[in-house]
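Written below as structure tokens is the structure these notes are about.
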Amino acid sequence: MNDTLLYLHLALSVLLFALLVASRVRQWRGLAVTAALLLAVTGAHNFMTRMKSPPPGWHALVGIKILLALHVIAVVFLLARGGTPERERRWRLGALVSAAVTMGIGLYYSNFAR
Ligand code: HEM
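Next comes the structure, spelled out in structure tokens:
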């Protein structure tokens, strides 16, 4: 169950990252917002289950990961609503950087640190 939810979390994050790379959040806004909300729910579950016997540095880095993930989710909401082309470009670039770091920290702790 825990692994299934971790894989679901991974699949949702890849989907959201792909929508950001392809700049298609507005066109697929229902899908993007649903994925963002499900990431928060599955992420909260991962947080509660993976907190037991954490490897060194887990709390600090996963704390940073969660703040960056919240930035990604907030920007997905903004992009789904839409803005000027200049704002959308800036929001999207920021979200891509945060999403890449978020995914990097998540993948490191779930695959290499244990
Ligand atoms: C507030 C929302 C989120 C929370 C609370 C959260 C929390 C977590 C936690 C606790 C882990 C497991 C770390 C470990 O194994 O010790 C994880 C893994 C991961 N997270 Fe998140 N996360 C959130 C949102 C996101 C978002 C928005 C993305 C990407 C854009 C993302 C990408 C990942 C990835 C790629 C993994 C590794 C999954 C795997 O290896 O199967 N997360 N997350």
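Residue numbering for the sequence shown follows the numbering used here, beginning at 1 and increasing consecutively.
Just so it is clear, CB atoms sit at the ideal spot from N, CA and C, and this is done for glycine as well.
Residue span of the alpha helix (DSSP H) that contains residue i, given as start and end
{"i": "P85", "result": "85–107"}
{"i": "V25", "result": "Per DSSP, V25 belongs to no alpha helix (DSSP H) and is neither H nor E."}
Residue i beta carbon near the ligand HEM (any heavy atom closer than 7 Å)
{"i": "W91", "result": "no"}
{"i": "F17", "result": "yes"}
{"i": "M103", "result": "yes"}
{"i": "R50", "result": "yes"}
{"i": "L43", "result": "The sequence as given places Gly at residue 43; Leu does not occur at that position. At least one heavy atom of the ligand HEM is nearer than 7 Å to the Cβ of G43, so yes."}
{"i": "V25", "result": "no"}
Whole-angstrom C-beta distance between residue j and residue i, which should lie under 8 Å
{"i": "G43", "j": "H9", "result": "6 Å"}
Residue i, DSSP secondary structure in three states
{"i": "G82", "result": "coil"}
{"i": "S13", "result": "helix"}
{"i": "S110", "result": "helix"}
{"i": "G43", "result": "helix"}
{"i": "K65", "result": "helix"}
Q: Check whether the region 33–41 touches the region 72–87, taking contact to mean three or more Cβ pairs, one atom from each stretch, closer than 8 Å.
A: yes
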